[in-house]
Structures are given as structure tokens and as C-alpha cells.
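The sequence shown begins at 1434 in the working numbering and counts up by one. Read through the structure below, which is laid out as C-alpha cells, and then see the notes.
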Amino acid sequence: MKPADAANGHVDGGWWPRSNDPMAEFPALLTALAPWVGAVTRVSYHLDTWASVERKVPIGGRAVRFEGFHSMDRNTVTVIGTDSRRISLLVVPPDTSGGMARAALRSAAEHDSTASVADILAGNGAPNTPSTMDN
1434 MKPADAANGH
1444 VDGGWWPRSN
1454 DPMAEFPALL
1464 TALAPWVGAV
1474 TRVSYHLDTW
1484 ASVERKVPIG
1494 GRAVRFEGFH
1504 SMDRNTVTVI
1514 GTDSRRISLL
1524 VVPPDTSGGM
1534 ARAALRSAAE
1544 HDSTASVADI
1554 LAGNGAPNTP
1564 STMDN
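Dropping the structure here:
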């Protein structure tokens, strides 16, 4: 995650899930993001990047609304918490090698970074398209 006083950019940080299964990946992410956004109320994602998920899912004792869009960047998710606090994250494709993934995560979290998602991934040798879904 970028520091609170960081430059506004395309993303606020990065995430490297290990699969395209929302129920395997999102609960831990949403718990980890609670200090930044409070209790998570909504997650937006690209429909073709993730396996299907129910529209409302109980996570951490709360109903979290999952909203899929074709118009979102395939390599981002947006998490919205209480008081409409929001974080946009670069999503490093699950099949990216460890070194490339870690480099992309560091770039996404750089204090002064205003690079696009595509530029962050390309600049670190990571693929700019998600891997095939594990339906």
C-alpha cells in the first residue's frame, strides 16, 4: 500500500492473488484492508478476470456486495468500506513469477507513482492479462 500522503495515481497499492477464485482470495484481502477502509461493504472487479461469485457474500460477519463490470481494468479491484472510503489495487495475475510479481507490487506502492496499471505490469515484466479462470 502507498503511504497516506502519497501522490494520487491509478492505484493505491497492489495485490497478488494465487488463483481466480474470489471466495479463496478475497476474504483475507478484505480483512487486511480493514485498517485503511474500515469494514468492507463493496468490492468491484472485472467480470472476466474472476470466477463467478454471489452478489452478496458474508465475510467477517458482514454482507459484502460483489459487483462485476466489463468496463473495469482487468488487473484492478476496488474495495469500498464504511464512510465510502475506497482503495483501488493493481491485481498481479496469479501465474506471474514471484520476482516479477514482487517487483510489480513494489512499483504499485511507490510513494510518487502515478503510472498506469499496464505500465506498472509491463515495466516489471509481468503479464497484462489475467490467467485463464479456474472455473
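All residues carry an ideal CB built from backbone N, CA and C; glycine is no exception. Bear in mind the structure is a predicted one, so any value in this text is a computation, not a measurement.
message = Rounding to the nearest angstrom, what Cα-Cα distance links T1464 and K1489 in this structure?
response = It is roughly 16 angstroms from the alpha-carbon of T1464 to the alpha-carbon of K1489.
task = Measure the beta-carbon distance from T1482 to R1507 and round it to whole angstroms, keeping in mind my assumption that it falls under 8 angstroms.
result = That pair is a contact at about 5 angstroms.
inquiry  = Just verifying my parser: in three-state terms, what is the DSSP assignment at P1468?
reply    = Correct three-state label for P1468: helix.
query = CA-CA distance, V1528 and A1559?
reply = With the sequence shown as reference, residue 1528 is identified as Asp, and Val is not the correct amino acid for it. Rounded to the nearest angstrom, the two C-alpha atoms are 9 angstroms apart.
query = Do you know how far the Cα of I1513 is from the Cα of P1450?
reply = Going from the Cα of P1450 to the Cα of I1513 covers about 18 angstroms.
message = When you compare the CB positions of R1495 and A1472, do they come within less than 8 angstroms of one another, or not?
response = With respect to A1472, R1495 sits close: the two C-beta atoms are nearer than 8 angstroms.
query = What is the DSSP secondary structure of E1500, reduced to helix, strand or coil?
reply = Residue state for E1500 is assigned as strand, using DSSP reduced to three classes.
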